[in-house]
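One structure is given here, and the rest of the page talks about it.
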Amino acid sequence: MRDLIEVCAPLILDSISELEISKEDMSNLIGPSTVGSMADIAIPCHSLSRILKKSPVEVSEHISGLISPSLQGLALTSSMNGFVNLKADPEWLASKTMGLLSDNMLGVKKDSPRKIIVDYSAPNVAKEMHVGHLRSTVIGDAIVRMLRFKGHEVIRENHIGDWGTPFGMLIEHLIDLGENSFTSDKAISDFDQFYKEARVKFNHDDLFAERARSRVVLLQAEDSDTLRLWKVLVDVSTAYFNEVYEMLDVLLDDDDIMGESAYRHLLPTVVERLRESGMLEESEGASVVYLGGKWVNREGAPFPVIIRKGDGGYNYSTSDLACIIDRVERISCDELMYVVGTPQKQHFEMVFEVASRAGFMDERHTATHINFGSVLDSNGKMLKSRAGQSAKLVDLLKESIIRADSAISEKNPELTGEDKARISKMIGIGAVKYADLSTDRSKDYIFDWDKMLSFEGNTAPYLQYSHARISRIFSLSPVSRESLRNSNIQLSTVEEEVLAKCIVNFAESLDKSIYSSHPHKLCTHIHATSSAFATFYEACPILKSEDDQIMISRLALCDLTARVISTGLDLLGIMSPEMM
RNA sequence: GGGCGUGUAGCAUAGCCUGGAUAAUGCACUGGCCUCCUAAGCCAGGGACCGCGGGUUCGAAUCCUGCCGCGCCCGCCA
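Residue numbers (the numbering used here): 431 to 1010.
See below:
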């Protein structure tokens, strides 16, 4: 209801000018009501009580009387318990709602465009994708979509793990198995097996371990044969990632891949620049940066960011610093966003601090760690891929689609064939994504198979169902959706009013969601909208309404509701089926 | 030891940034609603010392502080 506050606030301030209250004090008190059913805007008058030497109840009654005339046609004024309550006038609400009928943005205003890099997903080459990767991929994708909608230039970067010491053992294992065995389709489905075998050999076979270490040296020297083998691993892996991305319906593709290997030539530059700036120190053979301040270790000694290891190899931090240089200087972005788990919070704080101090980025750039909680099992324990328990992402997605399919069979037997397959996918994938997006990303996430795939409550299928119901109405309607763009909306029932408010509030909710990078805020709003629609749907006949005026008005509300849901879901990366 | 985070009905969550009224939502539970636009739905109801104690305030789930529980991070993994 920020629009209503915006129009009402100046009028309220004018009407109370005779009182001994500063405009600033008053402005601060005007805010959204916390009791939705009572009002849209509330002014708590308790703090004014002392200034005006009257009880809060008297103050609120007095102010209510003063401002009421000037808010004619905007809001209905009342007072209770020392609060002035303003309720949107149905006329104002109706005209506001009508204004959105011809607005493809549903009231959302574009920001002045910035160039934003969103770093997300980041699976590892020659490793299976697990549920852990799901969070980064799904959250990052939603953020990309929302930022684009707000008018920004968004560049996706998939920082895949395609470089580093593990590749010595992986390549040697590939040699042992024979290249061809790996490039066959069968092998693609068995990355975990491949990785584990390599790891076991590395740990227990000294000869193999030695080969692996030599191979790393060759890789870093860019020996052509080694690079070719490395490329086999990368290509097979990225093909597999793409398969998962396509299934997940996320925007990532080959063009977005900027793996660690892409920055390897920049690593010496990082060291040079840090050395030039005088930040680099030597410690036990390694090149490090001490940030000081709160960065101390267990013993209270300063603890460093390792830039170059004692063996000459580079570290994770170095790669991230190179990454910043590349993004700032080559791409010249304004913002850098990293959709990476909370455990790496400290790492990013330190890397950002090093980058700022070294001048890799300055006050024109903002770097943000979009952190997210760990995936826990139903016992509240970390879901670790090493435990071998966590399901492969593809299997999970397949399972979800199968469950959606059987739900459709039960609920709507008329839906068959290709339609059914298409919609099962929308629902199954949507359920998995929404389960992840609908809770505060910064908290840990309890991975509950049954809950995720249940189609009741605050879930994607519920929202999709609302959308399908509306689509159904239009398929039976004599009036097309396009023809409703200039129609008149009248809000004659409470249910219509509540629904209209949800529609009008969409832009505000989306803004809150994107400015905080918290997709769950948008989820909460779409769910509230769907819920308001369900109530409206039960209470208000649409195609069977008493006259054509009302039917048109209600159809217009349906159209807007469907657009709020489908636009909202689309921004979350979830499809809106027209039937289910 | 230091740092960061977290604790809200049986379960899962929102609200906390920016303090306001009877703490919101879903699952589960109880009772109603399909000759009528999709019941994957709706309506009604029960269920919460908002981890515990102090403090600030007219007013605290929200801000400050102490404690307790849980989790993560703390030099050559990413």
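Backbone N, C-alpha and C fix where the C-beta goes; we use that ideal spot for every residue, glycine too. In this text, all values refer to a predicted model and were calculated from it rather than measured experimentally.
Would you mind reading off the limits of the alpha helix (DSSP H) that contains residue i?
i           : result
residue 440 : 432-445
residue 681 : Taken as a continuous stretch (DSSP letters only), residue 681 belongs to no alpha helix (DSSP H), as it is neither H nor E.
residue 576 : 561-579
residue 720 : That residue, residue 720, is in no alpha helix (DSSP H); its beta strand (DSSP E) goes 716-720.
residue 726 : It is not in any alpha helix (DSSP H) - residue 726 carries neither H nor E in the DSSP assignment.
residue 952 : 949-969
residue 606 : 596-607
residue 850 : 847-867
Taking the beta strand (DSSP E) that residue i falls in, what are its first and last residues?
i           : result
residue 801 : 796-802
residue 515 : 513-518
residue 911 : Unbroken run through residue 911: none, as it is neither H nor E.
residue 735 : 734-738
residue 747 : Taken as a continuous stretch (DSSP letters only), residue 747 belongs to no beta strand (DSSP E), being part of the alpha helix (DSSP H) at 746-755.
residue 768 : 765-771
residue 507 : 505-510
residue 586 : 583-587
residue 473 : 471-474
residue 712 : 710-713
Compare the C-alpha of residue i against each of the options and name the closest.
i            : options             : result
residue 599  : 946, 998, 773, 649  : 649
residue 605  : 788, 464, 645       : 645
residue 390  : 633, 688, 572, 534  : Shown here, the chain extends from 431 to 1010; a query on residue 390 therefore has no answer.
residue 593  : 940, 483, 554, 570  : 554
residue 903  : 547, 992, 850, 530  : 992
residue 870  : 947, 634, 548       : 947
residue 740  : 716, 952, 734, 546  : 716
residue 828  : 792, 969, 786, 879  : 879
residue 1008 : 842, 964, 853       : 853
residue 701  : 482, 832, 719, 692  : 719
residue 677  : 994, 830, 485       : 830
residue 780  : 750, 994, 714, 564  : 750
residue 924  : 458, 438, 636, 466  : 466
residue 623  : 699, 638, 881, 557  : 557
residue 777  : 733, 714, 822, 562  : 733
residue 864  : 550, 1000, 696, 436 : 1000
residue 426  : 862, 860, 483, 989  : Nothing in the structure corresponds to residue 426, since the chain is present only between 431 and 1010.
residue 437  : 505, 953, 479       : 505
With a threshold of 16 other CB atoms inside 10 Å of the CB of residue i, please say whether the residue is buried or exposed.
i           : result
residue 998 : buried
residue 728 : exposed
residue 659 : buried
residue 575 : buried
residue 651 : exposed
residue 517 : buried
residue 452 : exposed
residue 610 : exposed
residue 450 : exposed
residue 812 : exposed
residue 891 : buried
residue 642 : buried
residue 858 : buried
residue 850 : buried
residue 533 : exposed
residue 945 : exposed
With a threshold of 6 Å on Cβ separation, who are the neighbours of residue i within its own chain once the five nearest residues in sequence on each side are excluded?
i           : result
residue 816 : A caution first: residue 816 carries a pLDDT of 42, below 50, which makes its placement in the model unreliable, though a value can still be read off. Once the five neighbours on either side are set aside, residue 816 has no close Cβ partner at all.
residue 487 : 512
residue 656 : 648, 649
residue 468 : 515
Once the 5 residues before and after residue i are set aside, which same chain residues still bring their CB inside 7 Å of it?
i           : result
residue 520 : 921, 927
residue 818 : With a pLDDT of only 46 at residue 818, under 50, the local geometry of the prediction cannot be trusted, and no value is derived from it.
residue 526 : 433, 934
residue 893 : 956, 957, 960, 995, 999
residue 895 : 1010
residue 694 : 593
Using a Cβ-Cβ cut-off of 8 Å (strictly less than) and excluding sequence neighbours within five positions of residue i, which residues of its own chain qualify?
i           : result
residue 980 : 920, 922
residue 523 : 921, 927, 930, 931, 934
residue 775 : 799, 801
For this session: Examine the Cβ distances between the stretch 794-813 and the stretch 582-589 and report whether three or more of them are shorter than 8 Å.
Result: no
Exercise. Between the stretch 491-506 and the stretch 434-454, are three or more C-beta pairs nearer than 8 Å?
Worked result: yes
Exercise. Can at least three beta-carbon pairs, one atom from the stretch 675-690 and one from the stretch 712-726, be found at a separation below 8 Å?
Worked result: no
Exercise. For the 8 Å Cβ check, are there 3 or more pairs between the stretch 881-899 and the stretch 948-962?
Worked result: yes
Exercise. Does the stretch 702-711 come close enough to the stretch 757-764 that 3 or more CB-CB pairs lie under 8 Å?
Worked result: no
For this session: Kindly confirm or deny that the stretch 562-581 and the stretch 529-546 touch, where touching means at least three C-beta pairs closer than 8 Å.
Result: yes
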